[in-house]
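Below you'll find the structure, written out as structure tokens, and then a few comments.
The structure is reproduced here in structure tokens:
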């Protein structure tokens, strides 16, 4: 597992004895920085290419994420944009199969809602559903597991100010996502039928069609190879086959 040093933004790989780390949950934009981008900046900070990378909004996002994690006492952080070498299909497959666990084992997860404006002090006393419900974050496939897996989640507005925690915003989150509150409090996912778990993702979308299936691997405790190019239907059929091997739940047939 690769982690970002929150002070230097250097990337280090950990095999064992993984330290406490913060994770980022967000929606991708057009200017995200990759593993290669960040490696280049860290090794050659004065080149024109490095300057171009540092000017991207995605680089500033990583910087702000690490700043917040550092202020909260975390020396290490993980973000899906730059901690995975996506040029390696083997590494990408391993990472996606491990992602639920990585979010689950994080010390804190920062959900960055860059399309939500900062709110007045004490808004959490009587939070408005309208503040969050239009955020793109709630429409994306990958963010479902990023909501469920971590125990400790803080939601952040566009300027990185606090909006609330998973528990202070619980009623809004339950209403918006249809995920029962008991799941947020540690109830096993297997206590819910396959059909119910599928329904949580039914209105969510992914950029790559196969990710409609792959983003659910952690929700169902499935590990399977990633075959980008197979198509969304074939990927979903493979997922259903793996779920059936694990849980002979007839509600699977509803999907």
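Numbering (full-length UniProt numbering), first residue to last: 1 to 255.
Beta carbons are placed, not taken as given, at the ideal position from N, Cα and C, and that holds for glycine.
Close Cβ partners of residue 133 (< 8 angstroms) along its chain, the five nearest in sequence each way excluded | Shown here for residue 133: same chain residues with a beta carbon closer than 8 angstroms to its own, the five before and five after excluded, namely 172, 176 in chain order.
The alpha helix (DSSP H) enclosing residue 164, as first and last residue numbers = Premise fails: residue 164 lies in the beta strand (DSSP E), 162 to 165, not in any alpha helix (DSSP H).
Close Cβ partners of residue 32 (< 7 angstroms) along its chain, the five nearest in sequence each way excluded | The residues 58, 81, in chain order, have a CB closer than 7 angstroms to that of residue 32 in the same chain once the five nearest residues on each side in sequence are set aside.
Span of the alpha helix (DSSP H) around residue 102 = Its alpha helix (DSSP H) spans residues 89 to 104.
N- and C-terminal bounds of the beta strand (DSSP E) containing residue 112 = Annotation for residue 112: the continuous beta strand (DSSP E) segment containing it runs 108 to 112.
Which residue spans inside the region 198 to 246 form an unbroken alpha helix (DSSP H) run of at least 4?
-> Those alpha helix (DSSP H) runs which fall completely within the region 198 to 246 and span 4+ residues are 211 to 214, 232 to 246.
Mind listing, in chain order, the continuous beta strand (DSSP E) runs of no fewer than 3 residues lying wholly within the region 114 to 162?
-> Scanning the region 114 to 162 from its first residue to its last, the whole beta strand (DSSP E) runs of 3-plus residues come out as 153 to 156.
Nearest CA to the CA of residue 159: which residue from 61, 174, 35?
-> Among 61, 174, 35, the Cα nearest to that of residue 159 belongs to 61.
At least three beta-carbon pairs within less than 8 angstroms, the region 213 to 223 to the region 240 to 249 = Touching, yes.
Taking the CB atoms as reference points, tell me whether residue 65 and residue 108 lie closer together than 9 angstroms.
-> The answer is no: Cβ separation not under 9 angstroms.
Around the C-beta of residue 253, are 16 or more other C-beta atoms found within 10 angstroms, so that it is buried, or is it exposed?
-> By the neighbour-count rule (16 or more Cβ atoms within 10 Å), residue 253 is not buried but exposed.
Check whether the region 129 to 146 touches the region 204 to 211, taking contact to mean three or more Cβ pairs, one atom from each stretch, closer than 8 angstroms.
-> They touch, by the three-pair rule.
Residue 248 Cβ short of 8 angstroms to the ligand ATP heavy atom set = This structure simply doesn't include the ligand ATP, nor any ligand for that matter.
Relative to the alpha-carbon of residue 250, which residue among 100, 194, 199 has its alpha-carbon at the smallest distance?
-> Out of 100, 194, 199, 194 has the C-alpha closest to the C-alpha of residue 250.
Report yes if the CB atom of residue 106 is closer than 9 angstroms to the CB atom of residue 21, and no otherwise.
-> A contact, by the Cβ cut-off of 9 angstroms.
Since residue 102 and residue 78 are thought to touch, with beta carbons under 8 angstroms apart, how far apart are those beta carbons, to the nearest angstrom?
-> Contact holds; Cβ gap of about 6 angstroms.
In the DSSP assignment, find the unbroken beta strand (DSSP E) run with residue 77 in it and report its ends.
-> Taken as a continuous stretch (DSSP letters only), the beta strand (DSSP E) holding residue 77 covers 76 to 78.
Continuous beta strand (DSSP E) stretch holding residue 11: start and end | First-last of the beta strand (DSSP E) with residue 11: 11 to 13.
Grab the span of the beta strand (DSSP E) containing residue 23 for me, first residue to last.
-> From DSSP, the beta strand (DSSP E) with residue 23 extends over 22 to 25.
How big is the Cα-Cα spacing for residue 38 and residue 9?
-> So the alpha carbons of these two residues sit roughly 8 angstroms apart.
Does the beta-carbon distance from residue 111 to residue 154 come in below 9 angstroms?
-> The answer is yes: Cβ separation under 9 angstroms.
What is the DSSP secondary structure of residue 173, counted as helix, strand or coil?
-> DSSP places residue 173 within a helical segment (H, G or I) once states are collapsed to three.
Is DSSP giving residue 192 helix, strand or coil here?
-> Look at residue 192 here: in three-state DSSP terms it is coil, with no helix or strand label.
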